[in-house]
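This note's numbering puts the first residue of the sequence shown at 37, with every later residue one more than the last.
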Amino acid sequence: MHLKTIVLLVVFTFFTLSCKKERPAITFTENNYLFSNENIVSINIPEAHGNAEITKKINTSLEAKIQAFLNTSQSNENIGKSISNSIDAFNNEFKDFKSSFPESQQIWEAQFDGEVLYQSKDIISIALTSYVNTGGAHGMLTVSFLNFNPNTGDTLGNTELINDIQGFKKVALPFLLKSVENKDTDIKQNTEFPMPENMAYSTSGFILLYNPYEIAPYSSGLIECTIPYEYVAQYLVFNSL
37 MHLKTIVLLV
47 VFTFFTLSCK
57 KERPAITFTE
67 NNYLFSNENI
77 VSINIPEAHG
87 NAEITKKINT
97 SLEAKIQAFL
107 NTSQSNENIG
117 KSISNSIDAF
127 NNEFKDFKSS
137 FPESQQIWEA
147 QFDGEVLYQS
157 KDIISIALTS
167 YVNTGGAHGM
177 LTVSFLNFNP
187 NTGDTLGNTE
197 LINDIQGFKK
207 VALPFLLKSV
217 ENKDTDIKQN
227 TEFPMPENMA
237 YSTSGFILLY
247 NPYEIAPYSS
257 GLIECTIPYE
267 YVAQYLVFNS
277 L
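Here you go:
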């Protein structure tokens, strides 16, 4: 076999293997749903497209988070089922509420808005804002961050985002103190502050987000602290610069 032919075969084989390993990029479109009966359920969330196995994991995780908020009865009956099943269960819970309190004029509502905060070859960060009002003194506003490995679709825990938690906290403290100015919280200079349940990458920096009651009363609202990457890049697992 001629040398030129051998070289061409090697190049072709390498190119073929490279193409097989390369996964299609994950893209997102917005899905909008509005269900209005005696109560209101509004859902606006990103839907992942691309590799079927990977995007199914991402979309299922988002839907599961919404289902958990709609599950006011804390029943396991609709776990793993569709959002439609969870909405039906939410409506049935409202009917039971009206049967118990027929004089109540309260309208139950649930609103969900999702947004892709950040996307790279290493991580996808999505924010899900939820507002659920089921007849209490006030509705509950909650923001959830979901972080995904774009190569597998698996969710990433908070411990998989930061490689040096103590070093990170030293740098983050001044930014957090500024965020809690005039807030009713016990966080003070040089204190060991608790890390939030929700953190994520964004185009502006690394976000720490505390929902009501995490470090402050409901009246203080959400507490969000965005730290520019140039201050914390060395403590983060994924390169953001």
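Note that the Cβ used here is the ideal one computed from N, Cα and C, for glycine as well. This structure is a prediction, so every number in the text was calculated from the model and none was measured.
For E266, the closest C-alpha among the options N80, I79, A208 is that of A208.
In the structure shown, D149 adopts extended strand secondary structure according to DSSP, grouped into three states. Only residues of its own chain outside the window of five on either side were considered, and among them F133, S140, Q142, W144 have a CB closer than 7 Å to the CB of G171, listed in chain order.
Straight across, the Cα-Cα distance linking T239 with M176 is about 27 Å. Cβ atoms of N234 and F181 come within 8 Å of each other, at about 4 Å. When DSSP states are grouped into helix, strand and coil, L70 belongs to the strand group. About 17 Å separates the beta carbon of S161 from that of Y246, a gap too long to meet the 8 Å contact definition. Here A146 is buried. Its C-beta has 16 or more other C-beta atoms within 10 Å.
Looking at the DSSP output, E260 bridges to L245. Cβ neighbours of S78 within its own chain (closer than 6 Å, five residues either side excluded): L70, Q147. Restricting attention to I76, T108, G86, S215, the CA atom closest to the CA of L244 is found in S215. Between the alpha carbons of E99 and V273 lies a distance of about 27 Å.
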